[in-house]
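Q: So that you can map any letter, position 240 of the sequence shown is 699 in this note's numbering, and since no number is skipped, the others follow by simple counting.
We put the CB at the ideal spot given by N, CA and C, even for glycine.
Take a look at the following structure, please.
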Amino acid sequence: MPAANGSHPALNRPCEKIAFLSSGTPEADEALARLRAAYGDVAPEDSDVVVALGGDGLMLQTLHRFMGAYKPIYGMNRGSVGFLMNEYQEDGLRGRINAARASIIHPLIMRATTIDGRVEIARAINEVSLLRQSYQAAKMRISVDDVERLGELVADGILVSTPAGSTAYNLSANGPILPLDSPLVAVTPISAFRPRRWRGALLPDKAKVTIEILECDKRPVAAVADHFETRDVTRVEISMDHGAGLVLLHDPGHSLDERILREQFGY
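Take a look at the structure:
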């Protein structure tokens, strides 16, 4: 099994023992029953590969579950969006898995401090976003590697995105699409009021982004790392966790970097 964007010994052996996971929808559960009957099933911890049956939400949950374990995850779309998934097909599954291309991605790590002094740490595969909690726009100060770069951003929020997540919320906020193997993160404002013409920044993926909330009592802000939310934050530090690897498998010609490239050209 060839690996892109890095390698790991777990990717150099054939995938024989399969664990199947379902999103719980009727369509996914029906597929789960048929595939278990055809290929057997083992516990995810004992498997060579995990096959996730659902949509992108299940894929994100599965990737979080095996964060840092380098457990290959092969998704098949039994959901609605399925950008991270392969097409559903029951025949020849082991052959497809062993011919698949592996993409190794790294998550962001968020360290958020709240008004009452709590520190919450979470990881994000797609993005870390800061969002206003009230009718008033948020006011934020942005520093990169402890150097102030923007003294005041007035906006509905701001997000920091990985290349893998750049086609998700980041793209909806008019952020740039990043090639999967680019050593970058995207910093994208959400409905910026001032400065009006600031469209964000591309930063090296080794940079630490610090966002301080100004007037946090009057203009409360929540920080969200994928599905984990912390409210009433005063300071959020975001960096890429290069020590945690996540392995996605895609059929040849339909790899994640190929899909991102297609998004860049609008098809």
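Closest to Glu-728 by C-alpha separation, out of Glu-611, Pro-622 and Leu-662, would be which residue?
A: Lying outside 460 to 726, the shown extent of the chain, residue 728 is not represented and no answer is given.
Q: Measure the C-alpha to C-alpha separation of Gly-465 and Asp-710 and round it to an integer number of angstroms.
A: With a pLDDT of only 43 at Gly-465, under 50, the local geometry of the prediction cannot be trusted, and the value read off the model is given with reservation. Distance between the alpha carbons of Gly-465 and Asp-710: 18 Å.
Q: What's the gap between the Cα of Ile-617 and the Cα of Ala-703?
A: Taking the straight line from one Cα to the other gives about 24 Å.
Q: Assess contact between the region 533-549 and the region 515-525, defined as three or more Cβ pairs (one per stretch) separated by less than 8 Å. Is contact present?
A: Because the criterion of three Cβ pairs below 8 Å is met, the region 533-549 and the region 515-525 touch.
Q: Kindly give me the distance between the Cβ atoms of Asp-615 and Ala-597, rounded to whole angstroms, as I take these residues to be in contact under 8 Å.
A: Confirmed, Cβ separation roughly 7 Å.
Q: For the alpha helix (DSSP H) containing His-709, list its first residue and its last residue.
A: Run containing His-709: none in the alpha helix (DSSP H); it sits in the beta strand (DSSP E), 705-709.
Q: What is the rounded straight-line gap between the Cα of Gly-725 and the Cα of Thr-621?
A: Each residue's alpha carbon lies about 20 Å from the other.
Q: In this structure, what does DSSP give as the bridge partners for Val-699?
A: According to the sequence shown, residue 699 is Met rather than Val. DSSP, once it has assigned bridges, lists Leu-567 as partnering Met-699.
Q: Note down, in chain order, each residue of its chain lying with its Cβ closer than 7 Å to the Cβ of Ile-479, except the 5 sequence neighbours on either side.
A: The question names Ile, but residue 479 is Phe in the sequence shown. So the list reads Leu-491, Leu-494, Arg-495, Asp-500, Val-510 and Leu-512, once near-sequence residues are dropped.
Q: For Ser-631, does the three-state DSSP call read helix, strand or coil?
A: It is helical.
Q: Measuring CB to CB, does Leu-705 end up less than 8 Å from Ile-477?
A: Contact: no.
Q: Restricting to runs no shorter than 4 residues, where is the alpha helix (DSSP H) found entirely within the region 600-677?
A: List check, alpha helix (DSSP H) in window: 628-631.
Q: Go ahead and label Glu-549 buried or exposed: buried means 16 or more other beta carbons lie within 10 angstroms of its beta carbon, across all protein chains shown.
A: Looking at its Cβ environment, which holds fewer than 16 other Cβ atoms inside 10 Å, Glu-549 is exposed.
Q: Measure from the alpha carbon of Leu-519 to the alpha carbon of each residue in Asp-700, Ser-714 and His-686, then state which is nearest.
A: Considering only alpha carbons, the answer is His-686.
Q: Can you round the beta-carbon distance between Pro-531 and Leu-708 to whole angstroms, since I take them to be within the 8 Å contact cut?
A: Correct: roughly 5 Å between the Cβ atoms.
Q: How big is the Cα-Cα spacing for Val-508 and Gly-551?
A: Computed Cα separation, rounded: 15 Å.
Q: Using the DSSP secondary-structure output, state which residues sit across from Tyr-533 in a beta bridge.
A: According to DSSP, Tyr-533 bridges with Val-510 and Leu-708.
Q: Beta-carbon separation of Lys-668 and Ile-649 under 8 Å?
A: Residue identity check: residue 668 is Val in the sequence provided, not Lys. Not in contact: Val-668 and Ile-649 (Cβ atoms no closer than 8 Å).
Q: Tell me the rounded alpha-carbon separation between Asp-664 and Met-699.
A: So the alpha carbons of these two residues sit roughly 6 Å apart.
Q: Just to confirm my understanding: we take Gly-624, look at its own chain, exclude 5 residues before and 5 after, and list those with CB closer than 6 Å. What are they?
A: If we look at Gly-624 and ignore the five residues flanking it on each side, its Cβ neighbours are Asn-585 and Glu-586.
Q: Using 10 angstroms around the beta-carbon of Tyr-594, count the other beta-carbons present and answer buried if the total reaches 16, otherwise exposed.
A: Tyr-594 should be labelled exposed.
Q: What residues are listed by DSSP as bridge partners for Thr-573?
A: Thr-573 is bridged to Val-692.
Q: Are the Cβ atoms of Ile-556 and Cys-675 separated by less than 8 Å?
A: Contact: no.
Q: Going by the CB atoms, is the gap between Val-619 and Val-644 shorter than 8 Å?
A: Cβ distance < 8 Å, so Val-644 and Val-619 count as in contact.
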